[in-house]
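Counting from 2, one number per residue, gives the positions in the sequence shown under this note's numbering.
For each residue, glycine too, the CB sits at the ideal point set by N, CA and C.
Note sheet for the following structure.
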Amino acid sequence: MNYLRSFAWFLLFMSSLLALVSMINLIMLLFLFESIPTAGSRLSSGVASLVLSNVEVFGAVVFVFGVSGVVASLGILKKKQWGIDLTILLLAVGIVWGILVLILEVAAVGSAAHSDTPIIFLLARSIATVGISFCWIAGCAWGITRLRSAKLALS
């Protein structure tokens, strides 16, 4: 149970930070800019192009996930089953997001290979993105397995 309490506090901190930063970003994008700044086509990957073309939608989705994480962590701290279930759901969505990032990165590297971008830049970006995505997916999967065992301990 000590793991569960530590995990809940960590989730509460990270989700609160995510909700706060995404809310500030949304306010800045909606009220300070007349048009959304976009990255240069040479440097934008598949993920960046997708996010930049739908920045308000992604900002709102990230804010909702931040608030959901806060609610889930409070549910875990109060030892409610729905808190664990919601956290498992959020981690499963995190796995899907990690896989989507991997697919979009492979597509972006394939299309950028024919541009004038230096190959070392493409290689470094791909290695970083793939490494971070694999760590993200593994962390989410590990969290789900630990929470499933904690779920049994609560009942």
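(request) Identify, in the order they occur along the chain, each residue of the same chain with its Cβ nearer than 7 Å to the Cβ of S16, setting aside the five sequence neighbours on each side. (result) Taking the first residue of the sequence shown as position 1, residue 16 is located at position 15. Result list for S16: G67, G70, V71 and S74, in chain order.
(message) Just to confirm, is the Cβ distance from F64 to S23 under 7 Å?
(response) For the purposes of this step, residue 64 is taken as the residue at position 63 of the sequence shown. For the purposes of this step, residue 23 is taken as the residue at position 22 of the sequence shown. Contact: yes.
(request) Would you decide whether V102 is buried or exposed? Buried here means 16 or more other CB atoms lie within 10 Å of its CB. (result) Numbered from its first residue, the sequence shown carries residue 102 at position 101. The residue in question, V102, is buried, as its Cβ has 16 or more Cβ neighbours within 10 Å.
(message) Taking 8 Å as the limit between beta carbons, can you name the residues of its chain near R147, skipping five residues before and five after?
(response) Mapped onto the sequence shown, residue 147 falls at position 146. Correct list, in chain order: Y4 and F8.
(message) Just verifying my parser: in three-state terms, what is the DSSP assignment at D86?
(response) Mapped onto the sequence shown, residue 86 falls at position 85. Of the three classes helix, strand and coil, the one that applies to D86 here is helix, per DSSP.
(request) Assign E106 to buried or exposed, taking buried as 16 or more other Cβ atoms, counted over all protein chains shown, within 10 Å of its Cβ. (result) Locating residue 106 in the sequence shown gives position 105, counting from the first residue. E106 should be labelled buried.
(message) Can you list, in chain order, the residues of its chain with a C-beta nearer than 8 Å to that of W83? Leave out the 5 residues immediately preceding and following it.
(response) By 1-based counting over the sequence shown, the position of residue 83 is 82. G76.
(message) Strictly under 7 Å for the Cβ-Cβ distance: is A61 near chain B by that measure?
(response) The structure shown contains no chain B; it holds only a single protein chain.
(message) Given this structure, state the Cα-to-Cα distance separating I138 from T130, to the nearest angstrom.
(response) Position 137 of the sequence shown, counting from 1, holds the residue named residue 138. Position 129 of the sequence shown, counting from 1, holds the residue named residue 130. Going by the C-alpha atoms only, they are around 12 Å apart.
(request) Return the CA-CA distance between V56 and W98, expressed in angstroms with no decimal places. (result) Stepping through the sequence shown from its first residue, residue 56 is reached at position 55. Stepping through the sequence shown from its first residue, residue 98 is reached at position 97. Those two C-alpha atoms are separated by around 16 Å.
(request) Specify, as a first and last residue, the run of the alpha helix (DSSP H) that N3 falls within. (result) Position 2 of the sequence shown, counted from the first residue, corresponds to residue 3. Per DSSP, N3 belongs to the alpha helix (DSSP H) from N3 to F32.
(request) Output yes or no for whether 7 Å exceeds the beta carbon distance between C141 and L92. (result) Taking the sequence shown and counting its residues from 1, one reaches residue 141 at position 140. Taking the sequence shown and counting its residues from 1, one reaches residue 92 at position 91. It is a contact, given that the beta carbons lie within the stated cut-off.
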